[in-house]
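Worksheet for the structure shown next.
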Amino acid sequence: MGQGLHTVIPVAVDTKVPQAAVAPSRSKKRTSSVLLKIIMAVTGIMLILFLYLHMIGNLKIFFGEEAFDHYAHWLRTIATPLLPKTWFLWIQRGGLTVAVIAHIASAVILARRASAARPVKYVHRPKVQGSYAARTMRWGGVIVLLFVIFHILDLTTGTLNPVGDKAHPYANVVADFALDRWYVTLFYTLAIVAVGFHLRHGIFSAVRTLGQQTARGERIARASALVLSVVLVVGYLSVPFAVMTGLVD
Amino acid sequence: MDIQVRVWRQTDSSDKGRMVTYDVKDISPDASFLEMLDVLNEKLILDGDDPVAFDHDCREGICGACSMVIDGVAHGPERATTTCQLHMRHFKNGDVIDVEPWRAAAFPVIKDLVVDRSAFDRIIQAGGYITAPTGAAPEAHSTPVPKKDADLAFEAATCIGCGACVAACPNGSAMLFTAAKVAHLGLVPQGQPERDTRVLDMLQAQDDAGFGGCTNAGECTTVCPKGIPLTLIGRLNSDYRKALRNSNS
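Quick note, the sequences are listed as chains A and B, same order.
Throughout the first sequence, residue numbering follows our numbering, covering 980 to 1228 in sequence.
Throughout the second sequence, residue numbering follows our numbering, covering 9 to 257 in sequence.
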């Protein structure tokens, strides 16, 4: 090199960690991320149970106006005369609301932690390997929440429904998915597909969060998540498409 | 072969950092990725520039020191391979290769590609040990271990703690690392006395270090140079739930 033997060549980095480089230690103990995920798994499973019962109820539309309206009115009389009329319905609504709030609150805490965990983004970052469903959990969840708000204003309170007659839910549904209200059907379809993707990763993820840990269990969890999601999407979408095609009118 | 590398240069933790492009000529296809960087650094030193700082030690894939994200993938394009074992023959003449450090709040950059991984040390200190009498090593066969458990414990113990799982995780989560450490000690009889406190304390240390939560995307296991299976995270979740139950009773 022609610089003589005594030239100091800086090949090694100072391995002493400068104090400023050490992440500041957090004085406050964080709520366990696994506990938050268990809350999400349990509330998620409660909501899936509700979605399945709701879907079975919806399918009564294929048995005609009388059967469907009778079912809808029955919802108000569940557990009577043990409980006064509509009490069970309100207890169930309360339970669902608590589950939704706990699910979203945990998701928000975890999402904020995740974004804080990588303050500097990669310059070069290929698409994340995880499935489309896994990547869209957060935004998919937001779409579903917006839909639920719309859905309650549409078919529960009747505020946004062209008929909005609480005594005749069948008529409300048929009016809702009329061809000239194609945008409602489109939003409905989008939301249901979002639910399907959300559950495909959600069910698989919930099962692992609750402790599934074998390769065989993994395959079963993946397969059941897919089947349960597809059945749910088909079940829910059959109603608007039956109305649009005139199968139900 | 002649290539171009775009390397993350950052003088210290207070510097913002940037990608800098360098031409590297006449590289043997049999050179390892680190040897290619050595050649680049020799040239930089002779030119009077600051060499690129990167972590390395054994260069045979067992120490877990090397840590760079190559074209957006932790440890580069070859599966189950550390950066030091990645050879230039996997690249083409004329390629432009992006090299970045692990990016996580819990792994602050010290200089260029060197990050401070003492957050992993804190997780280990919290519970990555067993209580054992000191003195002469006991006879290895005095405590029988079922073959299945021994194999899984060994698989988990192959984790070299490099941090690629954190670098790849979309949430900057350290779950695969913590799960591997919790499993490898929790699967053998010697690790039973601390089994509950280990999982609670290590998870607390992990969450407090500023890592994100797991969303079961599976990026971690894809880049893991030792192929630590994702199912171990399910085992950690299950151990956590049992420990929580035991600590409340």
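Beta carbons are placed, not taken as given, at the ideal position from N, Cα and C, and that holds for glycine.
{"Asked": "Within chain A, partners of Asn254/B - CB distance below 7 Å", "Found": "Simply none; closest approach about 14 Å."}
{"Asked": "Below-8 Å beta-carbon distance, Gly981/A vs any chain B residue", "Found": "Because the pLDDT at Gly981/A is just 44, under 50, the model does not fix this residue reliably, and the value given afterwards should be weighed accordingly. Judged by the 8 Å Cβ criterion, Gly981/A is not in contact with chain B."}
{"Asked": "Nearest-angstrom Cβ-Cβ length linking Phe219/B and Gly169/B, presumed shorter than 8 Å", "Found": "14 Å between Cβ atoms; not a contact."}
{"Asked": "Beta-carbon gap between Gln12/B and Asp38/B smaller than 8 Å", "Found": "no"}
{"Asked": "Contact with chain B by Val1222/A, beta-carbon distance below 8 Å", "Found": "no"}
{"Asked": "Residue from Arg206/B, Asp215/B, Lys189/B, Leu238/B with nearest C-alpha to Asn254/B", "Found": "Arg206/B"}
{"Asked": "Residue-level contact to chain B via CB, Val1013/A, 8 Å cutoff", "Found": "yes"}
{"Asked": "Cross-strand partners of Gln1191/A (DSSP beta bridge)", "Found": "None; Gln1191/A has no bridge partner."}
{"Asked": "Neighbour list for Leu1189/A in chain B, Cβ cutoff strictly below 9 Å", "Found": "Gly242, Asn245, Ser246, Arg249"}
{"Asked": "Beta-carbon proximity list for Gly1023/A, same chain, < 7 Å, skipping 5 on both sides", "Found": "His1082, Gly1181, Ala1185"}
{"Asked": "Counted within 10 angstroms of its Cβ, other Cβ atoms place Val1222/A as buried (16 or more) or exposed", "Found": "buried"}
{"Asked": "Phe62/B burial status per 10 Å Cβ neighbour count (16 or more: buried)", "Found": "buried"}
{"Asked": "Sheet register partners of Lys119/B (DSSP bridge)", "Found": "Val122/B"}
{"Asked": "Below-8 Å beta-carbon distance, Gln133/B vs any chain A residue", "Found": "no"}
{"Asked": "Where the alpha helix (DSSP H) containing Trp1066/A begins and where it ends", "Found": "1066-1096"}
{"Asked": "Reference Met96/B; option with closest CA among Phe115/B, Glu43/B, Leu52/B", "Found": "Glu43/B"}
{"Asked": "Rounded C-alpha distance that separates Asn101/B from Pro116/B", "Found": "33 Å"}
{"Asked": "Nearest neighbour of Gln18/B, chosen from Asp120/B, Ala225/B, Val231/B [CA to CA]", "Found": "Asp120/B"}
{"Asked": "Secondary structure of Ser21/B, DSSP reduced to three states", "Found": "coil"}
{"Asked": "Environment of Asp65/B [buried if 16+ CB atoms lie within 10 Å]", "Found": "exposed"}
{"Asked": "Any 3 or more C-beta pairs closer than 8 Å across the stretch 1125-1142 of chain A and the stretch 1158-1171 of chain A", "Found": "yes"}
{"Asked": "Option in Asp1228/A, Arg1179/A, Phe1041/A, Pro1219/A with minimal Cα separation from Val1210/A", "Found": "Arg1179/A"}
{"Asked": "Length-filtered (4 minimum) alpha helix (DSSP H) runs lying within the stretch 83-156 of chain B", "Found": "126-135"}
{"Asked": "Beta-carbon proximity check, Val1212/A vs His1177/A, cutoff 8 Å", "Found": "no"}
{"Asked": "As assigned by DSSP and simplified to three states, the class of Met980/A", "Found": "At Met980/A the pLDDT is 42, less than 50, meaning the model places this residue with poor confidence and gives no usable figure here."}
{"Asked": "Gly226/B beta carbon less than 8 Å from that of Ala88/B", "Found": "no"}
{"Asked": "Interface residues of the stretch 107-125 of chain B facing chain A [CB-CB below 7 Å]", "Found": "Glu108, Arg111, Ala112, Ala113, Ala114, Pro116, Ile118, Lys119, Val122, Asp124"}
{"Asked": "Chain-ordered neighbours of Met1116/A on chain B, where CB pairs are closer than 7 Å", "Found": "Thr223"}
{"Asked": "Contacting residues, own chain, Cβ-Cβ under 8 Å from Val1218/A (five flanking each side not counted)", "Found": "Asn1037, Leu1038, Ile1040, Val1152, Phe1156, Val1227"}
{"Asked": "Proximity test, Cβ basis, 8 Å: Gln212/B and chain A", "Found": "yes"}
{"Asked": "Lys250/B - DSSP class collapsed to helix/strand/coil", "Found": "helix"}
{"Asked": "Beta-carbon proximity check, Arg1092/A vs Ser1012/A, cutoff 8 Å", "Found": "yes"}
{"Asked": "Inter-stretch contact at 8 Å, needing at least 3 Cβ pairs: the stretch 162-177 of chain B / the stretch 65-81 of chain B", "Found": "yes"}
{"Asked": "Cβ pair Val77/B, Tyr1101/A closer than 8 Å", "Found": "yes"}
{"Asked": "Per-residue burial, Lys1158/A [other beta carbons within 10 Å of its own, 16 or more giving buried]", "Found": "According to the sequence shown, residue 1158/A is Leu rather than Lys. Leu1158/A should be labelled exposed."}
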